[in-house]
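Undergrad:
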Amino acid sequence: MSEGLSLATSVRSHLGGELRSADVGSRVTLGGWVQRQRALGGIVFLDLRDRAGVIQVSFDPKFADADAIRMAGDVGRESVVLIEGEVVARPEGGRNAELATGDVEVKAVTMRVVGPAETPAIPVTLGKGESLPSEELRLRHRYLDLRRPELQANIVLRHRLMQVTRRHLSERGFLEIETPILTKPTPEGARDYLVPSRVSAGEFYALPQSPQLYKQLLMIAGFDRYFQIARCFRDEDLRADRQPEFTQIDIEASFIAAQDIYTLAEGLIAALWKEAGVTIPIPFPRMSYADAVEKYGTDRPDLRYGLELFDATEAFRGANFGITKGAIESGGRIRGLRIPGGAVLSRKQVDDLEALARGAGAAGMLRLKREKGELTGPPAKFLSPEQGAMLGIEEGELCLLVAAPDRVSSPALDRVRQEVAKVMKRVPEKTLSFLWVLDFPLFEKDATTGALGAVHHPFTSPHPDDVALLSSAPEKARAVAYDVVLNGTELGGGSIRIADPDVQRRMFNLLAIDDETAQQRFGFLLEGLRSGAPPHGGIALGFDRIAMLLSGATSLRDVIAFPKTTAARALFEGAPTPVAAEDLRDLHIRLEDEGTR
RNA sequence: GGGGCUGUAGCUCAGCUUGGUUAGAGUGCCGGUCUGUCACACCGGAGGUCGCGGGUUCGAGCCCCGUCAGCCCCGCCA
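Residue numbers for the first sequence, in the working numbering: 27 to 623.
1) Output yes or no for whether 8 Å exceeds the beta carbon distance between G42 and V135.
2) With 16 as the cutoff for other CB atoms within 10 Å, does T324 come out buried or exposed?
3) Rounded to whole angstroms, what's the CA-CA distance from L172 to A179? Just pull it up for me.
4) According to DSSP, is P87 part of a helix, a strand, or is it coil?
5) Hey, how far is the Cα of G119 from the Cα of T127?
6) The beta strand (DSSP E) with Y231 in it runs from where to where?
7) Between E202, A232 and V80, which lies nearest to E214 when the distance is taken from Cα to Cα?
8) Quick check: the stretch 164–171 against the stretch 49–64, are at least 3 beta-carbon pairs closer than 8 Å?
9) Quick check on DSSP: helix, strand or coil for A369?
10) What is the DSSP secondary structure of V391, counted as helix, strand or coil?
11) If we ignore side chains and look at the alpha-carbon of each, how far apart do V428 and L458 end up?
12) Report the rounded CA-to-CA distance for A480 versus F249, giving the unit in angstroms.
13) Please report the residue range of the beta strand (DSSP E) in which R251 lies.
14) Taking all protein chains shown into account, do 16 or more other C-beta atoms lie within 10 angstroms of the C-beta of F272, making it buried, or fewer, making it exposed?
15) Compute the beta-carbon to beta-carbon distance between P327 and G514, rounded to the nearest angstrom, for a pair I have assumed lies under 8 Å.
16) Is it buried or exposed for L536, if we count other Cβ within 10 angstroms and need 16 for buried?
17) Looking at the secondary structure, which residues open and close the beta strand (DSSP E) in which P222 lies?
18) If you reduce the DSSP assignment to three classes, tell me which class F200 lands in.
19) Based on DSSP bridge pairs, tell me the residues matched to W59.
20) Give a yes or no on contact between the stretch 466–483 and the stretch 495–502, applying the rule of three or more CB pairs nearer than 8 Å.
21) In terms of residues, what are the limits of the beta strand (DSSP E) holding R312?
22) Does the beta-carbon of D541 have 16 or more other beta-carbons within 10 angstroms, so that it is buried, or is it exposed?
23) Taking all protein chains shown into account, decide if T603 is buried (16 or more other Cβ within 10 angstroms of its Cβ) or exposed.
24) What residues are listed by DSSP as bridge partners for V54?
25) Put I275 into one of helix, strand or coil per three-state DSSP.
26) Are three or more beta carbon pairs between the stretch 255–272 and the stretch 561–578 nearer than 8 Å?
27) State buried or exposed for T350, treating a residue as buried only when at least 16 other CB atoms are found within 10 Å of its CB.
28) Leaving out five residues before and five after L576 in sequence, what residues of the same chain have Cβ atoms less than 6 Å from its Cβ?
29) Report buried or exposed for S84, applying the criterion of at least 16 other Cβ atoms within 10 angstroms of its Cβ.
30) Classify D440 as helix, strand or coil using the three-state DSSP reduction.
31) Only counting runs of 4 or more residues, tell me where the alpha helix (DSSP H) segments fall wholly within the stretch 295–358, in order along the chain.
32) What did DSSP end up calling D526 once you bin it into helix, strand or coil?
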């Protein structure tokens, strides 16, 4: 973890974790935490930990004063001590190859306990028979948890990724500009975190879900290139990869097209991965949204393994098989995947796959396989030999099919495909498969009401080839919107925005937002657009997620210094918390059921 | 909003299937021995609201109901 800096001060001369053979002979004053003691009677060893690592300190009666030896034996773990002594080479056979400092040790002369510690509530260093404490306790005693080298390394990497981001973008003319944290509630999208206003009774600010409108206004203002490492807030239910407050690398630029954003984001992503020691090839491959959903059933496909979906509708056309016949007649298709070597999967394994498909909304899954040249499985007897051949199932292959409308079969087959890759061990762990998914639809239809909603957001520019569709078939119109995906995980996304106030007005009309509502919600942006807006667009990358991937962590909580739990609680400081009645009064807020609290 | 898993010593866990004497282990902690250890070793000791509340039972860590907390998933996340 050594960063090769001198962190010497008037209190300490070196970082113990940085000492090496070259330092032998130096007089040093170290400060750090007592990680472990080994008292052998006359002689005492302390493992002293600081930001750079661990160094062994020996207290030998021939060098150290008696007070120091006594204190070294008595001091509690995790206490902070200052030690004066000399760096010496360890005796032959006494070196510790597992320690970066293991060729040397510090022979102590004096010691002071400057920060005595009570017995830690959770172990910082795991000893014999100990495993990592529960996450609940780790979060409750976060200052102890953060002392662990693993978390320190994650936080240090996060810092370096931030600096790379700033340098990379600054060097390309991007200006880091802060936008408000107290902002205006937005009815669409995620739930807002609201902040009551004291001076304006009954009115509320919202914490930003993203700086979207502000960054567009900065383009209208002529700053041309903006970025921010922006904190965003969304009051939705959480997951391992979702925190209520999170950090985005937010980027916007003027006089650009989508192509420019791809190049820019690829350069930044390559720089971030390089900082973590990984060279990645750019540019990334690109795929249309329509292709992604057709071939993989998802808008963020994992391309590390094949297992493309295929359309088997033609093979089943005319077959007197109730399930497929019904699906085809009601406008659906028969889609599925062929799994090389999958014929060996057990009945139970395939049942489990079907359960996943059902969990994702499918009524069931059809199975066929070819063994010893013969096609078997429930649908087989309904197919003529010619129809069976159309399925293209090779020897040893298992074929799984879902007969349904695409909106059902796509998510079901996506789940099945991912699980098959896992079960068949087809996922190459080390491969990094970056991908641009382009040309998202502009709108999505609400399944129950049929109303149009924005897929990305209402300021996303329609695809230039599809402008005519806005009047005829808006649900078929594509947007100039793009996501960048790594191994099936969305790293970020963005779009080219609408710069023309007339187009923006049409968008609102299609979204059933009338002029008055639009003015009320987005007036400041609309006025801005009418005052001369350059063509502009941008992207936002999930910074925590990138830090998580690059540090090898499996939870965002391991790359955030003070994260929240899945109930959005902060266990360490204890937020949220009730507040005094007079504070609520000042904010013009009265709680329901106050008497029962 | 829904589903699943977990909660026993400071920490990590066993005990719960099939209710029954004094709830165990490792580690940590406390005391002692030990001059080259490095997950030191050895000897001794203390340490429990079995998450919380209610119920069933002669009897509950164990069975039932509720509740709180943590984690994972679905919905949700423009």
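Note that CB positions come from ideal geometry on N, CA and C, so glycine has one too.
TA: So, from the listed chains and residues:
1) no
2) buried
3) 10 Å
4) coil
5) 15 Å
6) F230 to A232
7) A232
8) no
9) helix
10) Per the sequence shown, the amino acid found at residue 391 is Met instead of Val. It is coil, neither helix nor strand.
11) 30 Å
12) 27 Å
13) R251 to F259
14) buried
15) 7 Å
16) buried
17) L220 to P222
18) coil
19) R75 and V106
20) yes
21) R312 to S314
22) exposed
23) exposed
24) G111
25) strand
26) yes
27) buried
28) A302
29) buried
30) helix
31) 315–322, 339–342 and 348–355
32) coil
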